[in-house]
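Only one structure is covered here, and it is reproduced in the block below.
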Amino acid sequence: MTKSLVIVESPAKAKTIKKFLGKNYVVKASVGHIIDLPKSKLGIDIENNFKPEYITIRGKGPILKEIKAEAKKAKKIYLATDPDREGEAISWHLSNALNIKDDVPCRIEFNEITKNAIKNAIKKPRKINKNLVDAQQARRVLDRLVGYKLSPLLWRKMRKGLSAGRVQSVATKIIKDREEEIIKFVPEEYWSLVLKVETSKKEAFQVKFHSDHQGNKEIKSQEEANNIISEIKNKELTVMDVKKSTKKRNPNHPFTTSTLQQEASNRLGYSTKKTMSVAQQLYEGIDLEKGGTVGLITYIRTDSTRLSEEAKKSAHQYITDNLGEKYANETPKAAPKKNQEIQDAHEAIRPTDVLRHPDSIKSSLSRDQYRLYKLIWERFVASLMTPAIYDTLTIELQVNNIRFRATGSRLNFDGFLKVYSFAAISEEVNLPILEVGEKIDIRDIIPNQHFTQPPARYTEASLVKTMEELGIGRPSTYSPTISTILSRGYVEKEGKNLKPTELGIIVTEILEDYFTDVIDINFTADFENRLDYIEEGKEDWPKLLKKIYDPFAKMLEKAEEDIEEIDLVEESDEVCEKCNAKMLIKYGRYGKFLACSNYPDCTSTKPIIHKIGVKCPKCESGEIVERKSKKGRVFYGCSEFPTCRYVSWGKPIDEKCPNCDNLLAHKINKKSEKIICTNKDCKYSRDV
Numbered sequence: 001m002t003k004s005l006v007i008v009e010s011p012a013k014a015k016t017i018k019k020f021l022g023k024n025y026v027v028k029a030s031v032g033h034i035i036d037l038p039k040s041k042l043g044i045d046i047e048n049n050f051k052p053e054y055i056t057i058r059g060k061g062p063i064l065k066e067i068k069a070e071a072k073k074a075k076k077i078y079l080a081t082d083p084d085r086e087g088e089a090i091s092w093h094l095s096n097a098l099n100i101k102d103d104v105p106c107r108i109e110f111n112e113i114t115k116n117a118i119k120n121a122i123k124k125p126r127k128i129n130k131n132l133v134d135a136q137q138a139r140r141v142l143d144r145l146v147g148y149k150l151s152p153l154l155w156r157k158m159r160k161g162l163s164a165g166r167v168q169s170v171a172t173k174i175i176k177d178r179e180e181e182i183i184k185f186v187p188e189e190y191w192s193l194v195l196k197v198e199t200s201k202k203e204a205f206q207v208k209f210h211s212d213h214q215g216n217k218e219i220k221s222q223e224e225a226n227n228i229i230s231e232i233k234n235k236e237l238t239v240m241d242v243k244k245s246t247k248k249r250n251p252n253h254p255f256t257t258s259t260l261q262q263e264a265s266n267r268l269g270y271s272t273k274k275t276m277s278v279a280q281q282l283y284e285g286i287d288l289e290k291g292g293t294v295g296l297i298t299y300i301r302t303d304s305t306r307l308s309e310e311a312k313k314s315a316h317q318y319i320t321d322n323l324g325e326k327y328a329n330e331t332p333k334a335a336p337k338k339n340q341e342i343q344d345a346h347e348a349i350r351p352t353d354v355l356r357h358p359d360s361i362k363s364s365l366s367r368d369q370y371r372l373y374k375l376i377w378e379r380f381v382a383s384l385m386t387p388a389i390y391d392t393l394t395i396e397l398q399v400n401n402i403r404f405r406a407t408g409s410r411l412n413f414d415g416f417l418k419v420y421s422f423a424a425i426s427e428e429v430n431l432p433i434l435e436v437g438e439k440i441d442i443r444d445i446i447p448n449q450h451f452t453q454p455p456a457r458y459t460e461a462s463l464v465k466t467m468e469e470l471g472i473g474r475p476s477t478y479s480p481t482i483s484t485i486l487s488r489g490y491v492e493k494e495g496k497n498l499k500p501t502e503l504g505i506i507v508t509e510i511l512e513d514y515f516t517d518v519i520d521i522n523f524t525a526d527f528e529n530r531l532d533y534i535e536e537g538k539e540d541w542p543k544l545l546k547k548i549y550d551p552f553a554k555m556l557e558k559a560e561e562d563i564e565e566i567d568l569v570e571e572s573d574e575v576c577e578k579c580n581a582k583m584l585i586k587y588g589r590y591g592k593f594l595a596c597s598n599y600p601d602c603t604s605t606k607p608i609i610h611k612i613g614v615k616c617p618k619c620e621s622g623e624i625v626e627r628k629s630k631k632g633r634v635f636y637g638c639s640e641f642p643t644c645r646y647v648s649w650g651k652p653i654d655e656k657c658p659n660c661d662n663l664l665a666h667k668i669n670k671k672s673e674k675i676i677c678t679n680k681d682c683k684y685s686r687d688v
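In UniProt numbering, the protein residues as written are 1 to 688.
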């Protein structure tokens with residue numbers, strides 16, 4: 001019997017789908033794109049309506065040959081690439097390579113890799129959506145034009161290996177602009193005032209300054225703080241108002257690509273790259289001890305929070321059966337409104353079966369898979385649960401027309417918090433029940449000086465959030481963009497924070513001076529909207545590219561004439577150990593390094609070592625220096641490596657532990673900064 005051929009993108013997905021379809025189907029993987037623009041040249045005929053020159057990707061010839069051989073034998077061909085623009089483009093390339101006519105319904109798509117979803121998709125093939133393909137072509141062609149025209153310019157003017165891109169350059173600019181804000185920031189002084197007070201029944205609590213007799217809510221100097229203290233010292237507070245109320249805390253919507261990347265970063269410490277890699281594994285299929293291979297979550301590249309009626313119904317039943325009716329929300333918070341003209345084809349990221357509890361399949365998952373699946377499962381279930389309810393109490397107090405306030409809260413009903421273990425639960429603050437007019441004694445006055453803080457550097461999570469808010473890129477591009485700017489050396493990580501390098505700043509400033517549109521946030525966001533118009537069939541993509549390319553070409557000409565060559569090489573104080581010539585500071589793929597000025601006669605190179613001024617506690621002859629792991633994480637080791645193998649993740653300080661006399665280290669995590677002992681067996685620590 002002649003078999004049908006199903007073509008997917010990844011071997012893992014092919015393996016999972018094959019088990020669902022059975023012996024009458026052959027499932028082959030294209031392993032991503034098979035046909036694309038050539039790497040060795042521009043590959044776009046600008047004069048001929050920006051016509052792309054597509055070729056079979058080097059190394060993919062045998063895969064295409066195998067697919068063609070199977071296609072000749074097949075009674076039907078189904079193209080089952082990912083359900084997005086890029087997946088549509090891959091299917092289009094495959095249909096052309098296999099000579100499938102435009103009007104043949106060969107394209108199938110599914111949001112989850114489960115038996116029912118696959119079998120239902122096979123029943124409903126459709127024609128290739130050329131509008132989706134054109135939207136992807138427009139993005140691909142513009143990115144190629146920007147990258148292949150700008151990058152050689154940077155090579156000629158600065159050094160080889162540099163690159164510029166439509167989205168990566170804007171992301172670098174966002175990080176660079178934030179760094180400039182931090183540098184220019186001038187801290188402003190302010191003070192807080194806390195009173196420890198006591199009722200006539202000896203009930204103690206705290207109140208905070210709210211406003212002075214002129215209505216000012218800020219204390220800007222020690223003098224102002226002292227004036228307030230002198231007015232309230234040895235006085236009694238009078239209760240002016242007592243407000244009791246309830247406060248609802250609603251659950252968040254289920255995950256989109258962006259919110260999953262943010263939450264996985266904040267709660268699990270995952271990079272965007274790691275999050276998407278693990279999520280892809282969960283989507284494509286996991287071999288479970290009971291149940292065989294199955295996709296555990298729905299498609300992972302989506303900006304929709306919509307849920308299917310079937311998914312909501314099954315979750316509602318699960319919540320009712322396992323937690324009780326009072327936890328099931330009949331009218332969950334409505335999803336944010338999207339452009340109604342754009343097809344909302346995707347769902348939010350959710351488990352494919354709510355009955356597959358994380359703990360029931362834990363033994364079949366790696367630690368990373370389990371943690372991410374648990375996060376997705378809990379967020380989905382919680383999104384359809386009732387709000388948490390807090391009882392709140394606000395007390396207003398006054399002395400000499402200076403107002404103070406105390407607020408308390410108590411969790412009355414846990415609602416969605418019963419399931420979503422990753423949510424931070426508000427700390428309960430209990431206050432005494434007071435009457436208006438009641439007098440309260442002041443037992444202690446605690447003034448504290450503070451200074452306003454500069455804006456925080458971006459983390460991967462906050463950068464993704466900002467890119468989404470500004471409309472830069474799409475769900476599929478956030479993670480690759482961040483990976484690119486890190487690998488190019490334009491941005492580096494300090495702990496979780498993203499900081500521009502000197503190279504990133506120089507390249508961005510050149511682009512700002514000569515290529516205003518390329519680096520402009522509004523231009524980049526507007527282009528994403530134009531891609532939506534192409535997808536809707538409302539805009540012609542070659543005409544759009546012409547509007548963009550003509551002014552870009554003029555910018556290129558001007559930049560070629562005006563930009564002077566920039567020597568990125570700096571002279572250092574180091575002397576070459578081989579020939580005694582001066583060592584130069586150069587930029588490489590992994591950042592700065594030292595190279596001999598006698599190159600090519602002398603090829604001596606060595607890394608730039610950052611000493612922190614602390615002697616190695618292990619060998620006592622070397623010094624502690626800052627190093628980076630292969631993944632870019634900073635750690636500290638001995639300068640005498642490999643003779644001495646002392647290492648520490650925390651930054652050692654020149655101070656001994658009072659308990660065991662080992663070296664102390666400065667350790668930073670997302671919640672605190674501490675001084676800890678480098679001896680693992682010693683538990684000494686203190687706050688910075």
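Glycine included, every Cβ here is placed at the ideal spot set by N, Cα and C.
If you're wondering where the values come from, they're calculated on a predicted model, not measured in any experiment.
Pick from the options: whose alpha carbon is nearest that of residue i?
i, options, result
"Ile445", "Glu47, Glu198, Ser572", "Glu198"
"Ser277", "Gly61, Ile300, Tyr514", "Ile300"
"Val354", "Asn322, Arg367, Ile90, Trp541", "Asn322"
"Phe451", "Cys596, Lys208, Lys220, Glu435", "Lys220"
"Asn540", "Thr272, Phe20, Asn131", "It is Asp, not Asn, that sits at residue 540 in the sequence shown. Cα-wise, what sits closest to Asp540 is Asn131."
"residue 690", "Asp532, Phe515, Phe20, Tyr636", "This structure cannot settle anything about residue 690, because the visible part of the chain is limited to 1 through 688."
"Arg85", "Glu536, Lys628, Glu673, Leu556", "Glu536"
"Leu288", "Asn250, Leu365, Thr259", "Leu365"
"Gly627", "Glu620, Ile612, Cys619", "Looking at the sequence itself, residue 627 is Arg, so the reference to Gly does not match. That would be Ile612, whose Cα lies nearest to the Cα of Arg627."
"Glu435", "Thr394, Leu142, Lys18, Val625", "Thr394"
"Thr256", "Phe20, Lys101, Val464", "Val464"
"Glu9", "Val26, Lys19, Ser30", "Ser30"
For residue i, which residues in the same chain have their Cβ closer than 8 Å to its Cβ, ignoring the five residues on either side in sequence?
i, result
"residue 704", "Examination of residue 704 is not possible in this model, given that the chain is present from 1 through 688 alone."
"Gly437", "Thr238, Val239"
"Cys576", "Lys582, Met583, Cys596, Ser597, Asn598, Cys602, Ser604"
"Thr508", "Ser169, Thr172, Lys173, Lys176, Tyr490, Pro500, Ile519"
Do residue j and residue i come within 7 Å of each other at the CB atom, strictly closer than that value?
i, j, result
"Lys28", "Ile44", "no"
"Asn448", "Ser192", "yes"
"Thr275", "Arg350", "no"
"Ser314", "Glu347", "no"
"Pro475", "Asp303", "yes"
"Glu570", "Ile585", "yes"
"Ile485", "Gln168", "yes"
"Ala71", "Ile108", "no"
"Ser409", "Val381", "no"
"Lys683", "His666", "no"
"Trp92", "Ile128", "yes"
"Asn266", "Ala461", "yes"
Between residue i and the rest of its own chain, which residues show a CB-CB distance below 6 Å, the 5 nearest in sequence each way excluded?
i, result
"Ile113", "Thr16, Gly285, Gly295"
"Gln398", "Thr238, Met240"
"Lys13", "Glu284"
"Asp654", "Val614"
"Ile442", "Leu195, Val197"
"Leu260", "Ile349"
"Thr2", "Lys75"
"Lys65", "none"
Is residue i close to chain B? Criterion is C-beta to C-beta, closer than 7 Å.
i, result
"Ile608", "Given the protein chain composition of this structure (a single chain), no chain B is represented."
If you drop the 5 nearest sequence neighbours on each side, which residues of the same chain put their C-beta closer than 7 Å to that of residue i?
i, result
"Tyr148", "Leu42"
Any heavy atom of the ligand NAP closer than 6 Å to the Cβ of residue i?
i, result
"Glu560", "Among the components modelled here there is no ligand, and therefore nothing to report on the ligand NAP."
Point to revise | Contiguous alpha helix (DSSP H) assignments of at least 4 residues, all confined to the stretch 69-103 | key: 85-97
Check your understanding: So, do the stretch 415-424 and the stretch 362-379 have three or more beta carbon pairs nearer to each other than 8 Å?
Key -> yes
Check your understanding: Should the stretch 326-333 be regarded as contacting the stretch 378-386, the criterion being three or more beta carbon pairs within less than 8 Å?
Key -> yes
Point to revise | 4 or more residues per run - each alpha helix (DSSP H) lying fully within the stretch 152-207 | key: 168-184
Review point. With contact counted as at least three CB pairs below 8 Å, one residue from each stretch, are the stretch 223-234 and the stretch 487-499 in contact?
Key: no
**Study point:** Ranges of the alpha helix (DSSP H) found wholly within the stretch 220-290, counting only runs of at least 4
**Key:** 222-232, 257-263, 272-284
Practice item. Please specify which runs of the beta strand (DSSP E), each continuous and at least 3 residues long, are wholly inside the stretch 400-430, giving them in chain order. Key: 402-413
Point to revise | Segments assigned alpha helix (DSSP H), at least 4 residues, entirely inside the stretch 445-493 | key: 460-470, 478-487
Check your understanding: What runs of the beta strand (DSSP E), each 3 residues or longer, lie entirely inside the stretch 366-402?
Key -> 388-399
Check your understanding: Does the pairing of the stretch 558-569 with the stretch 153-161 give three or more beta-carbon distances under 8 Å?
Key -> yes
Review point. If you scan the stretch 493-580 from start to end, which runs of the beta strand (DSSP E) of 3 or more residues do you find wholly inside it?
Key: 497-500, 570-575
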